[in-house]
Structures are given as structure tokens and as C-alpha cells.
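Each residue of the sequence shown is one higher than the one before, starting from 1 at the first, in my numbering.
All C-beta atoms, glycine included, are put in the ideal place defined by N, C-alpha and C.
Only one structure is covered here, and it is reproduced in the block below.
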Amino acid sequence: MTEVKWDQSVDVLVVGSGNGALTAALSCYEMGVTDVLVVEKSDKIGGTSATSGGGVWIPNNRYAKAAGAQDSVADAKQYLLSTTPAGAVPEEMVDAYLINGPKMINFLHERSDVRYETLEHYPDYYTNVDGSRTGHRSMEPERFDSSLLGDDVKRLRPSHHMMRMFSKIYFTQVEAALLVLQGPGWIKLTMQLIARWAFDLGWWFRGNGLSRQICTGAAGVARLWYSLKKRNVPIWASSPMQELITEDGKVVGAVVIRNGKPLRVQARKGVVLAAGGFERNQQMREQYLPAPTSTDWSGGVEGNTGDAIQQGIALGAATRLMDGAWWCTTVSVPGEPAPRLSVMEKSYPGSCIVNLRGERFANESQNYMAFQKDLYKQHSEASPCSPMYQVFDARFRRDYIVGPLMTASLKPDWTIPKEWFETKLVGKAATIRELAEQLGIDADNLERTVSKMNAYAKTGKDEDFQRGDSAYDRYYGDPRFEPNPCLGAIDEAPFYAMRLEAGDFGTQGGLATNANAQVLKEDGNPIAGLYAVGNCSAAVLPTYPGPGATLGPAMTFAYQAAKHISAYQD
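Here you go:
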């Protein structure tokens, strides 16, 4: 066997730069394995983690306990097993997650600059299931002073533009709920956020015009990255992994493209794959995901083309859940850098979502994952559910931010680009029938659907899909509406509609792993030296049981990988 000539040698090579990757690198360092290298495909650090809401779902975490929340591993396990299809996830993976998630958070809190805040009122996504909780299982990152990153702040991938006011000013998940609903105090909050940004003149140019104080996913990544910078752990941007290198069946390194040249990087103790899913690979989408499917509808970052998954498969790795994604309807707006996720506005009273037959097909106020699963169940050639339209009236347009339309006061009708109407992204008409005819929706059915919704608004009972019956439904409802905060009449002209697509913010299928995050072969044995976490590994929480059900496992199993690599005992 020809001996490999190495260009670089480290103990651990981490591929990717999201929460999972950076947690793996930081945990390895703190566990005594300090020679770590992180490589990132794009020129920005943070991956999909940075563009996300930044939530981390971990029952029994330290922040929840500090707030006095009552929870137990037994309740959390009952909840997970009740909401996960039988056989989809090995039970030992669920156990490993519930036991080690809180340990991981304690480890990072005690040894680094990672800090979170408990989300007291953000419920689990299936609150009608035993073992669920109406808050305190999810956390979001504390605000972070991005100036601490120095010049590297320009290399940080910002949170999604829909999570930044005017694409400049960051706000938290809790603040987002208030701002979009325009609930009590929203004007004061808006003024405070604008003033803090506007008067920070010295930061404008250093920070690319973004606010110094950052929130959500970017803050979560920044806190991890800042902790790594303090430890002088290098991160190579614009350095994609091209190929894994093996010796006698063991992964011993990888070929990494650096400054346009292939470098053979030895990883003496292991390679951790944390490079995202395949949502931006149309061929893989068509091979694995249900139709219709398109990269154009995905909110995942552009570099997530399944590279790590393909490399694992080439070595004989097993896969699981390749037909799944982190589903969320999206709005593709001409000229915007990425599709917008449609999360909150679907829940507000006074709108409904219909297919081109003019019929509803699911409860609009349920969590976005479950909504789109219902979409695929109902979709057919005879009754396609993508594209779909959110239909609402003038009152709804006045009161709520609706994706790119904002509110009528923030974006009056005369400012709506003509292209949005020409491409049927948006519709506006004096009557429901005219609106339907304008967009190619069955007019008779749409009139019937709206009439039923108006009747349900009076009774407070959605007889078709039970909208507003669960605690999660009501989280994004409007308490000013009675008897059901998720149901309101659609009866004030003019009438509007906005097109939604069957999108996602990442795929959930990937390499099969064990409780140590080791990649497994088809026979169940691990591939020595190879670990996978995050969206390039198969999901542990595939039904998305609560806000942050992707980042929680990514970070937990990154911690598990580091423990296995370093032989650390917690």
C-alpha cells in the first residue's frame, strides 16, 4: 500500500461550520484534544445554523431549571416516542439525546461563551400528546456583541433576512412574535431597536451595516466561534472537502481544497462530518424526496449539496430517512437572496390556505412541519397542493406582517412591484371570485371555502381541521380574537392572496449513526474514524417535536463525538 503524503496533520478534522461543527471542535478542545481544524465550503461561517432562528430544543436544560420549570426525562421520552413513527429512530438514540443534551449545555455554559435563554411560552409542537410541555424546552441564544469577532464579523453568515428589520437590525424570536403580530408594545420595541442601530454610527461600516447586537442563529454561531477564536482553533473558509481518505477501512483524513489546490489533511483521531444536508442538490431531491420538489423553494444555504452524505455512502455507510426534510412552506420573492419561511402568518385569524381547487387541505395554525406533511398526503395530480395561496382580506393586511407584503402601512398597495402581480406571487381583487379568477383558482370552491371560514370565525370551531384547538396553534394566534384566536372573518374588501411553495429549510435524511455519532455501515458496525452530526446525519427528532429540534441533536451528538474521540468521561 502506498503511504499517503500528508500536506497537513491534525488530531481532528471537522467539516462544516454550523452549530454542530463548532460544538464538536470546541468540545474536543476542552476535552484535551486541542489540535483541531475546521473547514468550511463557503466563504461565510455558520451554515444553515446561522440563518436559522437559533432555537435549541433540549428538555431539562439548565436554563429551564433555573426558571423553575418542571420536567422529566420520562415525560420527554414519552412525548418523543408518541410523536415519532415506530422504527424511524433507534430508541437508544432518543435515550442518548435526552440524557446527554443537558450535559452538553452545561459543558458549554461552564467552559465557553455560549449562553442561552429559556423560551418560557414557546410550546412543544404537539401539545395534545402526553409528555408535552407548553414552554421551557426550547432556548434561544443570548444577544451577542458581534464586534468581539473583530474583522471576522464580515465572514459571519447573518441570520435570514426575514429575521432582520430592514435586513439590518436583528431581533430575537420572542421579539419577532410581538413585531409580526403588532401586539402591545410593538411600536416601543421597534423604536428601541432602530435607535440602538441608528446611533451606533461607529459600527455601521465595520459591521456591513448590520446591527452590532446580533440575535437568533447568527448569535448562536458567533458565540461558538468566539469561543474557538479565544482558543486559536483555525477555521478555513472557502475550503470544501473533496474526498475522504481511508487506510484499511479506517478514515484517516480528507482531501480539502485550499486556495484552489487539493491538500491531503491527516486526521489522526477522526473526521467529524457536519456539512449540512442535500437540499440544494436537485438531482438528490428528485431521487429521494416526494414531489413536487425544487431547490428554488428551499431556505437552506446554497452550499448544502449533500457532499458529506455522498462521501459516506461511497464508503459503504448506511442511511436513514432520506425521504424527509425539515418542511416549511416558503415564499419565493423575485430579487431576494433566499426564499422566506412562512411560519407565523399562517396562524393569524382572518386567512386560510387553499390549493388551486380553492380548497383547504390542512390546519394552517399547526406547526409548519406537520402542515406540509399534510400537504404531501393530500397532493395529487388531480388536486395539486403546490403552489398554494394564502387568502386574506383588507383587515388582515392592515393588522399583520404577511411575508414580503409587510402591512398596508409599511408597504402600501401602490408600492407592491408590478412583477409580483404579473408572476402571480400576489393577487388583489374587489371580490373573492375575481381574486380566484385572477390567480387560476376554482372560484366556486374558493367562495365556499371563505364562507365556511367566516362561519367558523363566529362559532370558534373549525369543523374541517380543528384549527386553534391546540396550545401550539394558539401560540401564534391573536388573543384579541374570540372565541378562537386563530379564526377570523375574511370579509373586508379588497381581498388578497400570496403564493406559497412546498419548501423546507434543510433535509433530514443522512448517514446512520450510533449514540457516539459514529457513522455506521449497513451491517451496523461503525466506520472507524468517521463521525457525522447535524443534517448530514439521519435525524433523531424527525417529526420536529419542538422549536430547535435540528440544532439540539446537532450539538448534542457533536458533544458525543468529542467524548468518544477524546475518551472524556462526563
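query: Run of the alpha helix (DSSP H) containing residue 99, from where it starts to where it stops; result: 91 to 111
query: Where residue 459 falls, given that 16 or more other Cβ within 10 Å makes a residue buried; result: exposed
query: Contact under 7 Å by Cβ, residue 575 with residue 388; result: No answer is possible for residue 575: it lies beyond the span of the chain, which begins at 1 and ends at 570.
query: 8 Å contact criterion, which residue 263 and residue 8 should meet: CB distance rounded; result: 6 Å
query: C-beta contact flag for residue 601 and residue 288 at 7 Å; result: Residue 601 is absent from the model: the chain starts at 1 and stops at 570.
query: Per DSSP, cross-strand counterpart(s) of residue 455; result: Answer by DSSP bridge pairing: none, since residue 455 is not bridged.
query: Simplified DSSP assignment, three categories, for residue 424; result: coil
query: Same chain, Cβ closer than 7 Å to residue 134, five either side skipped, listed in chain order; result: 123, 127 and 471
query: With 16 other Cβ atoms within 10 Å as the buried cut-off, status of residue 19; result: buried
query: Between the CA atoms of residue 76 and residue 326 - distance to the nearest angstrom; result: 21 Å
query: Nonlocal neighbours in the same chain, by C-beta distance under 7 Å from residue 40, ignoring five residues either side; result: 16, 17, 235, 236, 237 and 239
query: Residue 370: CB within 6 Å of a non-hydrogen atom of the ligand ADP; result: In the structure shown, the ligand ADP is absent, as is every other ligand, since no ligand is present at all.
query: First through last residue of the beta strand (DSSP E) which encompasses residue 130; result: It is not in any beta strand (DSSP E) - residue 130 carries neither H nor E in the DSSP assignment.
query: C-alpha gap between residue 410 and residue 428, whole angstroms; result: 17 Å
query: Inter-residue Cα distance where the pair is residue 261 and residue 255; result: 10 Å
query: Outcome for residue 453 when other beta-carbon atoms lying within 10 angstroms are tallied against a minimum of 16; result: buried
query: Neighbour-count burial assignment, residue 4, 16 or more Cβ in a 10 Å radius; result: exposed
query: Boundaries of the alpha helix (DSSP H) in which residue 74 is found, first to last residue; result: 73 to 83
query: Distance CB(residue 351)-CB(residue 392) smaller than 7 Å; result: yes
query: Contiguous alpha helix (DSSP H) assignments of at least 4 residues, all confined to the region 245 to 325; result: 282 to 288 and 307 to 314
query: Endpoints, the beta strand (DSSP E) within which residue 196 is located; result: Taken as a continuous stretch (DSSP letters only), residue 196 belongs to no beta strand (DSSP E), being part of the alpha helix (DSSP H) at 186 to 198.
query: Short Cβ contact (7 Å threshold) for residue 492 with residue 394; result: yes
query: Sub-7 Å separation of residue 118 and residue 176 beta-carbons; result: no
query: Helix, strand or coil at residue 4 according to DSSP, with G and I counted as helix; result: coil
query: Three-state secondary structure assigned by DSSP to residue 351; result: strand
query: CB contact flag (residue 62, residue 106, <7 Å); result: yes
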